[in-house]
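These notes concern the structure reproduced below.
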Amino acid sequence: MAICDVPGSLEAVGGTDVTTLRDLAKHLGLSPATVSRALNGYPEVGEKTRVRVIEASERLSYKANSNAKRLATGKSGMVGMIFRSSRNLLVDPHFVDFLAGLSTGLADHQLDLVIHTAPQNELLAHYERFASSGSVDGMIVSAPELNDPRITGLSNRDFPFVVHGRTADDVGYAYFDIDNDDAFARATSLLIELGHRRIALLNGEADLAFVVQREIAFRRVMVGSLPTISSNCSHRSRAQGRHTLTDTARTQLRGQ
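With the sequence shown counted from 1, adding 59 to any position gets you my numbering.
What follows is the structure, given as structure tokens:
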């Protein structure tokens, strides 16, 4: 027999599951508004009450109704991300790892990831639709261009977003990125220190910000260290890059 110290407990009447917020509130002897605020982390609810509500909800397998929660908080609990439909991303193991890490990080904050695809010429329209519809609470912008209209559009709407990458060193928005300039400057310097002189950079698509940042670093080190040797940069897709690398290797072998 289950024993509960709260009058009106479901255990006392033989029940084991709570199906509505009102049931949970009755079980705890609190108002539905207080229980709702406790579950959603509102600061006006005391810590002792918040812990009591959360423990009871877990013990009684209470699951908040997503539609009711959205109406109460104005939040969807979802973050959107849109990719160009022309990019064959699902066969890229790095992309799959990126999505797995992103989903895990969002889940730690009780957020879900919504993925959408669109043609290149419709990307901005899809971002604007997501931002205006209220279907997501924020957006992630991936692979930014130097002058990216998605960033401008979301900023003008004052809509929450974070950029995977950045358009410049001095930006007015949240982003997560590596230091492309430093990484490629150090990689180029290392090759030169090892005695290499004929160095080529197989880069990505020329309109992407990180591609430009990497090329600037590569050319700066090459000009500074090997001013008499011309540097070679190639802007290509992955498949074209592999083809270029294979042709270069064959040319080198013929010359030996």
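Ideal placement from N, C-alpha and C gives every residue a C-beta, glycine not left out.
- A residue is called buried when at least 16 other Cβ atoms come within 10 angstroms of its Cβ; F235 does not meet this threshold and is exposed.
- L261: not part of any alpha helix (DSSP H); member of the beta strand (DSSP E) spanning A259 to N262, first to last residue.
- The criterion of a C-beta distance shorter than 8 Å is not satisfied by Q179 and G136.
- With contacts defined as CB atoms closer than 8 Å, A190 and R225 fail to qualify as a contacting pair.
- Distance from the CA atom of V110 to the CA atom of T247, rounded to whole angstroms, is 54 Å.
- For F277, the CB contacts under 6 Å within the same chain, skipping 5 residues up- and downstream, are F243, T247 and L260 in chain order.
- DSSP places L158 inside the alpha helix (DSSP H), whose first and last residues are P152 to A166.
- In this model, T163 and A268 are separated by some 27 Å (Cα to Cα).
- Residues of the same chain with a CB within less than 6 Å of the CB of V104, apart from the 5 flanking positions on each side, are R96 and A97 in chain order.
- Apart from the 5 residues on each side of it in sequence, S116 sits with its Cβ closer than 7 Å to the Cβ of L83 and L98 in its chain, given in chain order.
- The beta carbons of Y186 and R209 sit about 5 Å from each other, so the pair counts as a contact at 8 Å.
- L165 and L172 do touch by the CB rule: their CB atoms are close to 5 Å apart, below 8 Å.
- L285 is not a Cβ neighbour of R245, given a cutoff of 8 Å.
- With respect to the C-alpha of E274, the residue from I251, N239 and S214 having the closest C-alpha is N239.
- Y234: member of the beta strand (DSSP E) spanning A233 to F235, first to last residue.
- In the structure shown, I288 falls within a coil segment according to DSSP collapsed to helix, strand and coil.
- Only residues of its own chain outside the window of five on either side were considered, and among them N239 and D240 have a CB closer than 6 Å to the CB of Q272, listed in chain order.
- Taking the CA atoms as reference points, P203 sits about 43 Å from S120.
- The DSSP-derived three-state label of R143 is strand.
- The beta carbons of I199 and V280 sit no closer together than 8 Å.
- Straight-line spacing of the CA atoms in L250 and I258 works out to 8 Å.
- As the crow flies, the alpha-carbon of T93 is around 32 Å from that of V221.
- Assignment of S201 by DSSP, reduced to helix, strand and coil, places it in the strand class.
- Taking each of D207, L205, T211 and I174 in turn and checking the Cα distance to S194, the smallest one comes out for I174.
- The continuous stretches of beta strand (DSSP E) do not include D266, and DSSP gives it neither H nor E.
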